[in-house]
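So the protein lines, in turn, are chains F and A.
Read in our numbering, the first sequence has 880 at position 318, and its numbers run on one by one without any break.
Read in our numbering, the second sequence has 756 at position 194, and its numbers run on one by one without any break.
The C-beta atom is built at its ideal place from N, Cα and C for all residues, glycine as well.
Only one structure is covered here, and it is reproduced in the block below.
There are 2 protein chains.
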Amino acid sequence: MAVTIYDVAKKAGVGIGTVSRAINNSPKISSQTKAKVDHAIRELKYQPHALAQGLARKRTNMVAIIVPVFTGYFYLELLRGIQQEISKYQYDLLLFSVDQTEKTELFLKRTLQERKVDGVLLISLAISDNYVKKFVNTQFPIVLIDSDHRELDSLTVENEQGAYLATKHLINLGHTRIGIIDAQLKSIPAKMRLEGYQKALRDHKIQYNRRYLVISDSDIEKDGFNREAGYAAMKQLLQIDEDRPTAVFVASDIQAAGAIKAIKECGLNIPEDISVIGFDDIELAQYMGLSTVRQPMYEMGKLAVQILMKKIAGEESKPVKKRFETRLVIRDSCDYVRTV
Amino acid sequence: MAVTIYDVAKKAGVGIGTVSRAINNSPKISSQTKAKVDHAIRELKYQPHALAQGLARKRTNMVAIIVPVFTGYFYLELLRGIQQEISKYQYDLLLFSVDQTEKTELFLKRTLQERKVDGVLLISLAISDNYVKKFVNTQFPIVLIDSDHRELDSLTVENEQGAYLATKHLINLGHTRIGIIDAQLKSIPAKMRLEGYQKALRDHKIQYNRRYLVISDSDIEKDGFNREAGYAAMKQLLQIDEDRPTAVFVASDIQAAGAIKAIKECGLNIPEDISVIGFDDIELAQYMGLSTVRQPMYEMGKLAVQILMKKIAGEESKPVKKRFETRLVIRDSCDYVRTV
DNA sequence: TTGAAAGCGCTAACAA
DNA sequence: TTGTTAGCGCTTTCAA
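Here it is in structure tokens:
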């Protein structure tokens, strides 16, 4: 069968402990015997059995990443950052993708009990206080990304600031009748984006008009961050005839795609008749020429790994809270206000 | 610390062997003692340690999935299928994403030696004969997806048939001057797509015109399956003034996106002035209203898992070769030929 | 049907 | 600095 540490020991004429020391670069070994062992290892093409190591060390060198069935650029970028960084630590990723939000806890439970992994990255998913307690009590390392909980390390995006940026961009172009299409406010990002929008208006002495706010409604299961919801919302916004908005901030690019379709169907042009700005900077946005707000997903993934690794290494610290700044990506979907 | 099999045994007043039998639904246990043990398990919230189980069973219940740093719908769909199916077998996915093709073998090697996983799914990546031999000799289960090797199970897409379908669709619309934008022919899919195109022409007695073929050229590292390459290629195709193509088959949707941009820049309309059909059915295609060819990624992922699981279960068989049929997705980018 | 005990392949404490 | 040995937490054989 496969070559084990005993084979190496025999070949090198040493004990298995010594082989183990050689493998783990222990200081308690003379360079000569290490050389001897290393040679035997190479001869036999020996590589330690990961599970056996894990069992003995009580460390698996794997972390679980729990993500909603991902779709789109957001998660790809994030994953890229995580993957890149984690390989530096010789860790591997165990992928748990969640198709129904309720299943999240199932994975958290497994993670905690099966001990297949040394830590968890939880992406865009909420965690109940009940489970937070379990993680805190057992000191099991976990980092939240695009999600937040008081007692846990949480990396999020400055949604409010992003929305502020987007809205201000429209204001700077002279718009005062600015609509907003948002998702269900039970979604924290959606709520923060609305607040950023409102703050921008306030700061520029523009009266907030409730009629200009349309919440993408849809099934309870969904949150409204989808194309169809954006389409329907825009249709509704376009019904306003007296003082129709000359610009609209849409809470996500995917909704904006739907909104744009609705606008075109009404025979209106972008940005001549109406300016549109989105949020997320998904791949589609580039193609559509949609101005939008970009979230630094790659960087978030990287930092998340760094924090997690520190915790796995046993460094204590109070929960890290980091909100990443967003940045405006200007393309062709916004212009100076024409009609007044 | 965590609760082990010994705790359960003590609580239930049995030996650890018996607990093990209860856990694994062994027939060699009376229903009464099993009930007793199950009760203790529940009381203690016991769950077996995955690594210890793996070590003893010589089975880890994990499979590695090696994919190129994925981007786009193709891999997402695939992953969805894989994930969905694999959870039925109580298996988990260890994700290895490859940023440079040459690193593939590094992962293959680790996979073979660290024994962290029971099998491998290799996606869209080539494997050298050298490694094929290793997998075959050690009987280590591996399944290729969107890649092919004589001696290994390989699931691929009928690229030729797909291209044939696309080209035939254009022919059916009356087009005879049909251009093709392809990627580097060193890519097998690219090559097969060209052949499908040529076969369709032949079957319909249309003379193949070498001037209508443009290969997206680009860095050696890249294969030409990208937007910029499609843009450049289309520009070139539009230079033809005498008998310019009235339709064009583009080897991928992403290239088609670039091609469409080029067409619009020349003041031409789609599909009035020129019909365009792509390949892949990425998310963008839907938005662009691009007619294209769809690959059944979800199904491929599912089948791949099924085959892999059989191999892990020890079922011998000669390499499975399955080519999935593609299907035409008709949207708005193709129309009857106008100018003759 | 059950319990005891011998591995699975490694790490780490201990003694030399 | 080294070898020996006792775990790590489980499965599985062997007796009973």
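Alpha carbon of Gln-594(F) to alpha carbon of Thr-566(F), nearest angstrom: 22 Å
State yes or no: is the beta carbon of Asp-680(A) nearer than 9 Å to at least one beta carbon in chain F? no
Would you tell me roughly how many angstroms separate the C-alpha atoms of Leu-706(F) and Ile-742(F), rounded to the nearest one? 28 Å
Quick one: which chain F residues come within Cβ less than 8 Å of Gly-616(A)? Leu-613
Counting Cβ pairs, one atom from each stretch, are 3 or more of them under 8 Å apart for the segment 831 to 840 of chain A and the segment 865 to 878 of chain A? no
If you reduce the DSSP assignment to three classes, tell me which class Ile-816(F) lands in. helix
Outcome for Tyr-793(F) when other beta-carbon atoms lying within 10 angstroms are tallied against a minimum of 16: buried
Hey, Leu-683(F) and Phe-702(F): beta-carbon distance below 9 Å or not? no
By the criterion of Cβ-Cβ separation under 9 Å, what are the contact partners of Thr-566(F) in chain A? The contacting residues do not exist; Thr-566(F) stays about 11 Å from chain A at best.
DSSP-derived helix/strand/coil call for Lys-880(F): coil
Could you check whether the Cβ of Tyr-849(A) sits closer than 9 Å to any Cβ belonging to chain F? yes
Residue from Asp-897(F), Phe-886(F), Gln-746(F) with nearest C-alpha to Gln-723(F): Phe-886(F)
Who are the neighbours of Thr-622(A) on chain F, taking C-beta pairs under 8 Å? Leu-613
Figure out for me which residue from Lys-767(A), Thr-854(A), Ser-837(A), Asn-586(A) has the closest Cα to the Cα of Asp-843(A). Thr-854(A)
Using a C-beta cutoff of 9 Å, does Ile-627(A) count as contacting chain F? yes
Cβ of Pro-881(F) within 9 Å of any chain A Cβ: no
May I ask you to report which of helix, strand or coil DSSP gives Asp-569(F)? helix
From what residue to what residue does the beta strand (DSSP E) around Ser-856(A) run? Reading off the sequence shown, one finds Arg at residue 856(A), where the question assumed Ser. Element bounds for Arg-856(A): 854 to 856.
Specify, as a first and last residue, the run of the beta strand (DSSP E) that Ile-869(A) falls within. Counting along the chain, Ile-869(A) falls outside any beta strand (DSSP E), though it belongs to the alpha helix (DSSP H) covering 859 to 874.
Of the residues that make up the segment 737 to 765 of chain A, which ones have a beta carbon closer than 8 Å to any beta carbon in chain F? none
Spatial neighbours of Asp-708(F) within its chain, please: CB distance less than 7 Å, with the 5 preceding and 5 following residues excluded, ordered by chain position. Ile-685, Ser-686, Thr-718, Val-719
Would you say Glu-887(F) lies against chain A (beta-carbon separation less than 9 Å)? no
Starting from the N-terminal side, write out each stretch of the alpha helix (DSSP H) that is 4 residues or longer and does not extend beyond the segment 627 to 686 of chain A. 635 to 650, 666 to 676
For Leu-640(A) versus Gly-863(A), is the C-beta spacing smaller than 9 Å? yes
Would Ala-725(A) and Glu-757(A) be called neighbours here (beta carbons separated by less than 9 Å)? yes
Across the segment 730 to 737 of chain A and the segment 806 to 813 of chain A, are there enough close Cβ pairs to call them in contact, namely three or more that are closer than 8 Å? yes
DSSP three-state label for Gln-697(A), please. It is Phe, not Gln, that sits at residue 697(A) in the sequence shown. Reduced to three states, the DSSP call for Phe-697(A) is helix.
Three-state secondary structure (DSSP) of Asp-744(A): strand
Spell out a yes or no on whether the segment 566 to 578 of chain A and the segment 593 to 607 of chain A are touching, meaning 3 or more CB-CB pairs, one atom from each, closer than 8 Å. yes
Starting from Ser-690(F), trace the alpha helix (DSSP H) both ways and give me its first and last residue. Run containing Ser-690(F): none; DSSP gives neither H nor E here.
Provide the residue span of the alpha helix (DSSP H) that contains Leu-763(F), from first to last. 750 to 765
Terminal residues of the beta strand (DSSP E) in which Val-705(F) lies: 704 to 707
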